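Participant: Got a structure for you, questions after.
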Amino acid sequence: MGDGYFYTLSAIAQSFAAIIALNAVFVIYKLQTISNLYNELFKQARQWWVRENSGPCRVGVTFEQYKTESDRLSEKDLRHWLKQRNGQRDIVEQKKKINDKIETNDNLKRKIFYWFKRTLISDGIVIASSLILLPLRDCFQPMFQGITIAIILFASCITLAITLHAVLITAGFKGLRYVFSSGDKQN
């Protein structure tokens with residue numbers, strides 16, 4: 009098989025190392041975007057908290073004191089307050105909208121981590137297999153070298169599909185099923 013064995017296995021290992029790095033960039037960017045969205049949502053929640061709590065029932069407390077108090081609320085406290093369904097009607101509706109957005113982003117974050125872990129594992133297996141088999145060329149007859157390359161290429165295709173699915177989920181799509189499904193189907 010000659011030098012093609014070395015070139016193929018080293019190219020596969022290098023390519024998947026680059027794919028891991030590229031996928032990590034997508035994940036970090038998306039998580040930063042979600043973090044910024046969280047900050048904005050909790051800022052809105054604090055504004056609604058001040059509005060709900062700064063009514064006439066607490067006489068002698070200024071708006072600035074409520075604002076300072078709301079800034080000290082932790083994310084956990086705000087999440088608890090958002091899940092409560094009491095207060096004025098417009099505040100309850102606003103709390104529900106903010107809470108729904110937070111829940112949606114929590115689910116997206118969990119999906120991103122789930123698929124990023126799967127990508128790291130599958131890419132790592134392909135890279136490790138390529139690097140382990142690289143110096144073993146002389147242990148195999150030429151026919152077995154071809155079979156080894158075919159097996160690694162097949163595993164690489166599966167791993168590439170997993171990685172592409174993870175990147176699509178990170179980008180906000182529903183994965184490969186979304187890409188290959190027809191948009192005119194109705195459930």
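First residue of the sequence shown: 9, per this note's numbering; consecutive thereafter. Cβ atoms here follow ideal geometry from the backbone N, Cα and C, with glycine treated the same way. Computed from a predicted model, the values in this text were never measured in an experiment.
Closer than 7 Å by C-beta to Asn107: which residues in its own chain qualify, once you throw out the five before and the five after it? Chain order, please.
Facilitator: Locating residue 107 in the sequence shown gives position 99, counting from the first residue. Cβ within range, chain order: Leu90, Lys91.
Participant: Pull up the CB-CB distance for Glu48 and Gln96, whole angstroms please, since I reckon it's below 8 Å.
Facilitator: Counting from 1 along the sequence shown, the entry for residue 48 is found at position 40. Counting from 1 along the sequence shown, the entry for residue 96 is found at position 88. Incorrect: roughly 22 Å between the Cβ atoms, too far for contact.
Participant: Can you look up Asn195 in the DSSP assignment and give me helix, strand or coil?
Facilitator: Residue mapping note: residue 195 aligns to position 187 of the sequence shown, counting from 1. Because Asn195 carries a pLDDT of 40, less than 50, the predicted location of this residue cannot be relied on, and no value is offered for it.
Participant: Hey, Ser138 and Ile20: beta-carbon distance below 7 Å or not?
Facilitator: Taking the sequence shown and counting its residues from 1, the one referred to as residue 138 is at position 130. Taking the sequence shown and counting its residues from 1, the one referred to as residue 20 is at position 12. Yes, the Cβ-Cβ distance between Ser138 and Ile20 is below 7 Å.
Participant: Taking the alpha carbon of Phe181 as the point to measure from, which residue in Trp123, Thr76, Cys165 has its own alpha carbon closest?
Facilitator: One-based indexing of the sequence shown puts residue 181 at position 173. It is Trp123 whose Cα lies nearest to the Cα of Phe181.
Participant: Using the three-state DSSP reduction, which class does Asp98 fall into: helix, strand or coil?
Facilitator: Start at 1 with the first residue of the sequence shown, and residue 98 comes out as number 90. In this structure, Asp98 counts as helix in the three-state DSSP scheme.
Participant: Can the beta-carbon of His173 be found closer than 7 Å to that of Leu161?
Facilitator: As a position in the sequence shown, residue 173 is number 165, starting the count at 1. As a position in the sequence shown, residue 161 is number 153, starting the count at 1. In this structure, Leu161 does not lie closer than 7 Å to His173 by Cβ.
Participant: Cα-Cα, which of Lys109, Val134, Gln52 is closest to Ile159?
Facilitator: As a working note, residue 159 is residue 151 in the sequence shown. When each option's Cα is compared against that of Ile159, the closest is Val134.
Participant: With Gln40 as the anchor, note down where its alpha helix (DSSP H) starts and where it stops.
Facilitator: The sequence position of residue 40 within the sequence shown is 32, counting from 1. 12–61 is the span of the alpha helix (DSSP H), which, as asked, contains Gln40.
Participant: Pull up the CB-CB distance for Thr171 and Asn31, whole angstroms please, since I reckon it's below 8 Å.
Facilitator: Sequence index remark: in the sequence shown, residue 171 carries index 163 (1-based). Sequence index remark: in the sequence shown, residue 31 carries index 23 (1-based). Their Cβ separation, rounded to whole angstroms, is 6 Å, which keeps Thr171 and Asn31 in contact under 8 Å.
Participant: Counting only C-beta atoms, is Ala25 closer than 7 Å to chain B at any point?
Facilitator: No chain B appears in this structure, which consists of one protein chain only.
Participant: Please classify Ile27 as buried or exposed, where buried requires at least 16 other C-beta atoms within 10 Å of its C-beta.
Facilitator: Here residue 27 is taken as the residue at index 19 of the sequence shown, counted from 1. Under this definition Ile27 is a buried residue.
Participant: Under 7 Å, do Tyr13 and Arg145 count as touching if we go by C-beta distance?
Facilitator: Numbered from its first residue, the sequence shown carries residue 13 at position 5. Numbered from its first residue, the sequence shown carries residue 145 at position 137. Closer than 7 Å, so yes.
Participant: Measure the beta-carbon distance from Ile120 to Ile177 and round it to whole angstroms, keeping in mind my assumption that it falls under 8 Å.
Facilitator: Position 112 of the sequence shown, counted from the first residue, corresponds to residue 120. Position 169 of the sequence shown, counted from the first residue, corresponds to residue 177. The Cβ separation is near 7 Å, so the contact holds.
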